[in-house]
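Under the UniProt record's numbering, residue 138 is the last one in the sequence shown; the count climbs by one each step, no gaps. Here's the structure we're looking at; comments come further down.
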Amino acid sequence: MLTFQLPIRAYENERIILSDGITLSALIWMPENAHDSPVPAILEYLPYRKRDGTSHRDALNHPYVAAHGYACVRVDMRGSGDSEGLLLGEYLQQEQDDALEILKWIASQAWCTGSIGMIGISWGGFNGLQVAVSVRQS
1 MLTFQLPIRA YENERIILSD GITLSALIWM PENAHDSPVP AILEYLPYRK RDGTSHRDAL
61 NHPYVAAHGY ACVRVDMRGS GDSEGLLLGE YLQQEQDDAL EILKWIASQA WCTGSIGMIG
121 ISWGGFNGLQ VAVSVRQS
């Protein structure tokens, strides 16, 4: 049985509207008091459908991390899961541009301290590295 340090709350199907009008869907776990006491955030940005593709794994990992003082933001990529648009391929510039907009959106939320990291393996790991390079270059 998992034990949690802090009570948490999950927000399903949060909408992130990008500058081109496309809406991305996010599932966010965070400590219940994050709106009063902001926390750092961790983004996982994947095309594997948060509603079913990774839901079992997400239900274990993200609440655990949230209960230890982080907001965990799981976003379906453009054209996947509950997000709008078309997924045209892997590791495209559009994917990185969308991720940068997501990071700005997260940083602007009242529950976030502005400190944000990314996690992932395989696709999620590669896009996290690419976004890190993009942020460093800008």
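Built from N, CA and C at the ideal position, the CB exists for glycine as well.
{"Query": "Beta-carbon spacing of A110, V75 below 7 angstroms", "Result": "no"}
{"Query": "Separation of N13 from R51, as counted between CA atoms", "Result": "9 angstroms"}
{"Query": "Three-state class that DSSP yields for R78 in the structure shown", "Result": "coil"}
{"Query": "Residue(s) in a DSSP beta bridge with Y45", "Result": "V75"}
{"Query": "Residue environment, S83, which counts as buried when at least 16 other CB atoms sit within 10 Å", "Result": "buried"}
{"Query": "Minimum length 3: unbroken beta strand (DSSP E) runs contained in the stretch 70–131", "Result": "71–76 and 112–118"}
{"Query": "Straight-line gap, I106 to P31 (C-alpha atoms, nearest Å)", "Result": "15 angstroms"}
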